[in-house]
Amino acid sequence: MDRRGVKVRKRLLQGVLPVVRLLPLPTAARVVSGIGRLEHRMNRELRLRFDRAVARGGDALGCRWDVPAVSRSLAGNHILWRSRDLLVDVASDARALAMFDVVGREHLDEAVGRGKGCIVLTSHFGAHMLPAHWMYREAYPLKLYMEKPRSVSRFMASKFDREGPLGQDKLFISRKGDAADAAGSILRAAKALKSGMLLFLAGDVRWKGRLTAPGRLMGRSFTFSSTWIALGAMSRAPVVPVFCRIGDDHRYRLEFLPPFVLPRDAQDEANAGAHAQRFLDLLEDRIRRHPADSNEYLFWDDEYVAA
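So for the sequence shown, the working numbering puts the first residue at 1130; every next one is plus one.
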């Protein structure tokens, strides 16, 4: 989809979401997803692009997916993915939290209970900003450690207001920063962990330069940001992987995995790749089982950008 099409879709979402949020939220999600499925049906060029990406991804993973069905569902989920957490930008905590089916919360609580902070290791699979939204609603002391997300809910944006050395504004990072910026950012993140906060950051970000590790995803080799590995090795804070997919009922299936602690030498050049691959293997397994939640991964070959 070209940039013009993306902008048109974003304007459409901005107009539609305030109206559909008046509906029961699973119904609202179904309506928004339906916009993507309708576009898939009506736009032949788009449909063929999705079909090719699904077929290529299935071949790479050795999966026999139903290409037309996965392609159609992926198009619907894509538009939910682009809407970030805007669908649950409602005043009622109870109404928003009813959209989540949570598995493994005990793993997160166990990690938090150790008192060393916690690295919540996310990815761009499924509804990737919704774990953060859920943790904010549940009053976990969460900070995002990533580029500042765009087009998020007013509820989430309100959590970015805190200033000071451990304020959220100091923990947003930029691809344009230099080595000194990166070092300062790491130190601030380590202080946040030491103070008992949770850091939400991704383990699937393709990156170049310092603090990277090699890894393979869907049969292709890349270098990925290893910031989470450096932080985990430095702080010894437990790492809790999290995934969130969109269920058949259009509610969010939130999954926290058991925590683990990285050894101090995890960030060494000889070791970082194995730790990065450990998470990438978890991610690839979920892409195999739930390809309609794979978002951008199936399009990496042609660098399709849908966000």
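Backbone N, C-alpha and C define an ideal beta-carbon position, used for all residues, glycine too.
Three-state secondary structure (DSSP) of residue i
i: V1371; result: strand
i: R1133; result: The pLDDT assigned to R1133 is 44, lower than 50, so where the model puts this residue is not dependable; a value taken from the coordinates is nonetheless given after this. Reduced to three states, the DSSP call for R1133 is helix.
i: Y1381; result: strand
i: I1248; result: strand
i: F1389; result: strand
i: A1321; result: helix
i: L1340; result: coil
i: L1237; result: helix
i: V1281; result: coil
i: A1435; result: Low per-residue confidence applies at A1435: pLDDT is 39, beneath 50, and the placement is therefore not dependable enough to give any value.
i: A1366; result: coil
i: A1331; result: strand
i: L1360; result: helix
i: L1300; result: coil
i: K1288; result: helix
i: N1424; result: coil
i: F1408; result: helix
i: Q1087; result: Absent from the structure is residue 1087, since the part of the chain shown begins at 1130 and ends at 1436.
i: G1376; result: coil
i: D1414; result: helix
Exposure label - residue i; buried when at least 16 CB within 10 Å
i: K1272; result: buried
i: M1171; result: exposed
i: R1132; result: Caution applies to R1132, whose pLDDT of 41 falls short of 50 and renders its modelled position unreliable; the value that the coordinates give is listed next. By the neighbour-count rule (16 or more Cβ atoms within 10 Å), R1132 is not buried but exposed.
i: G1361; result: buried
i: E1398; result: exposed
i: P1392; result: exposed
i: A1220; result: exposed
i: D1377; result: exposed
i: V1148; result: exposed
i: L1412; result: buried
i: A1218; result: The identity of residue 1218 in the sequence shown is Asp, whereas the question assumes Ala. So D1218 counts as buried.
i: P1197; result: exposed
i: G1338; result: exposed
i: R1279; result: exposed
i: R1382; result: buried
i: R1418; result: exposed
i: A1331; result: buried
i: L1177; result: exposed
i: P1374; result: Checking the sequence shown, residue 1374 turns out to be Arg, not Pro. It counts as buried.
i: L1327; result: buried
i: T1156; result: exposed
i: G1402; result: buried
i: V1232; result: exposed
i: S1456; result: No statement about residue 1456 is possible, as the shown extent of the chain runs from 1130 to 1436 and does not include it.
Residue i vs residue j beta-carbon contact at 8 Å
i: Y1464; j: L1300; result: Absent from the structure is residue 1464, since the part of the chain shown begins at 1130 and ends at 1436.
i: L1190; j: M1363; result: no
i: F1179; j: L1203; result: yes
i: H1236; j: F1408; result: no
i: G1205; j: S1423; result: no
i: F1254; j: F1372; result: yes
i: F1353; j: T1341; result: yes
i: F1229; j: R1380; result: yes
i: D1214; j: R1266; result: no
i: D1333; j: S1252; result: yes
i: Q1396; j: A1359; result: yes
i: K1209; j: V1161; result: Checking the sequence shown, residue 1209 turns out to be Leu, not Lys. Yes, the pair counts as a contact, with Cβ atoms nearer than the cut-off.
i: I1315; j: E1276; result: no
i: Q1297; j: G1344; result: no
i: G1325; j: G1244; result: yes
i: R1201; j: R1166; result: yes
i: V1368; j: L1250; result: yes
i: M1264; j: V1281; result: no
i: P1370; j: A1240; result: no
i: L1226; j: R1150; result: no
i: P1420; j: V1145; result: no
beta-carbon residue i near the ligand SAM non-hydrogen atom, thresh 7 Å
i: P1278; result: Within the structure as shown, the ligand SAM is missing, as the structure has no ligands at all.
Counterpart residues of residue i in DSSP-defined beta bridges
i: R1345; result: S1350
i: D1230; result: R1382
i: L1295; result: Beta-bridge pairing links L1295 to no other residue.
i: L1271; result: L1327
Q. Taking the runs of the alpha helix (DSSP H) that are 4 residues or longer, which of them lie wholly in the segment 1148-1204?
A. 1154-1171 and 1173-1190
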